[in-house]
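Novice:
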Amino acid sequence: MPTEHTRWRCGQCGNLTRFDVTRTVRSREYVHVDLAGEGSVQEREVLAETVERVVCRWCQGTDTVVVVPRPDAEEAPSQ
Ligand SMILES: [Zn+2]
């Protein structure tokens with residue numbers, strides 16, 4: 001996963017912002033179920049996370065997306 005100093009980049013088309021990410025997440029959730037049986041997650045803590053695949057949304061490239069250093073770490077990430 002990218003950090004504040006790195007980002008994903010598609011080596012094929014140059015995409016920096018849009019990806020399909022397949023990942024396995026092990027998490028603990030605080031689930032609040034109301035009396036009607038409707039449940040909602042109030043808090044979520046990620047215990048473990050594995051990124052299985054990152055696919056570029058622009059060119060559908062697989063294995064073209066790499067983690068590269070940010071040119072300017074001050075730059076605010078656009079999400
Ligand atoms: Zn691409």
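Using full-length UniProt numbering, read the sequence shown as starting at 1 and increasing by one per residue.
Built from N, CA and C at the ideal position, the CB exists for glycine as well.
All values reported here derive from a predicted model rather than from experimental measurement.
(1) Can you list, in chain order, every residue whose CB sits closer than 6 angstroms to a heavy atom of ligand 1?
(2) Beta-carbon separation of residue 44 and residue 27 under 9 angstroms?
(3) Could you check whether the region 14-29 touches the region 50-66, counting it as contact only if at least three pairs of C-beta atoms, one from each stretch, sit closer than 8 angstroms?
(4) List the residues that DSSP assigns as beta-bridge partners of residue 45.
(5) Go ahead and label residue 65 buried or exposed: buried means 16 or more other beta carbons lie within 10 angstroms of its beta carbon, across all protein chains shown.
Specialist: Let me lay it out:
(1) That query returns the following residues: 10, 12, 13, 15, 56, 58, 59, 61, 64.
(2) Cβ atoms of residue 44 and residue 27: closer than 9 angstroms.
(3) Short answer: they touch.
(4) Residue 45 pairs with 28.
(5) Under the 10 Å beta carbon count, residue 65 is surrounded by 16 or more other beta carbons and is classified as buried.
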